[in-house]
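Numbering (full-length UniProt numbering), first residue to last: 1 to 117.
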């Protein structure tokens, strides 16, 4: 037991995550974006919690339920291309009014048009 205690004392504070590192910024949620099993790397980021109520965000969440279901641990998982998600996040961050008038298929078309141009 003293060996374990000694190891814990020698680790110091820096080896344990602070409370700030464990919790997202107030008013934000953590999301993990990408499609598992594809060459794309999963991206972890924080978004404003009020984005969860946006219709396009709700559509992405609905698509993710088909992939992940409702029960899992950790950050909220969004199953879509990271570039598509970043486009939506950029539109919402910049308060782009067109985000309120487009459907999910419009967003996907806009994304594919931007990467093919």
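Note that beta-carbon positions come from the ideal geometry of N, C-alpha and C, so glycine has one too.
In terms of residues, what are the limits of the beta strand (DSSP E) holding residue i?
i, result
"residue 43", "43-48"
Quick one: give me the first and last residue of the alpha helix (DSSP H) that residue i is part of.
i, result
"residue 107", "104-116"
"residue 84", "82-93"
"residue 61", "55-68"
Here's the rule: buried if 16 or more other CB atoms are within 10 angstroms of the residue's CB, otherwise exposed. What is residue i?
i, result
"residue 49", "exposed"
Take residue i and list the residues in its own chain whose beta-carbon comes closer than 6 Å to its own, dropping the five residues that flank it on each side.
i, result
"residue 24", "30 and 46"
"residue 95", "none"
Going by C-alpha distance, which of the options is nearest residue i?
i, options, result
"residue 41", "22, 59, 27 and 82", "82"
"residue 106", "93, 84 and 90", "84"
"residue 111", "86, 92, 59 and 53", "86"
Leaving out five residues on either side along the sequence, give the residues of the same chain with a beta carbon under 7 Å from the beta carbon of residue i.
i, result
"residue 79", "35, 63, 64, 67 and 68"
"residue 75", "30, 31, 32 and 44"
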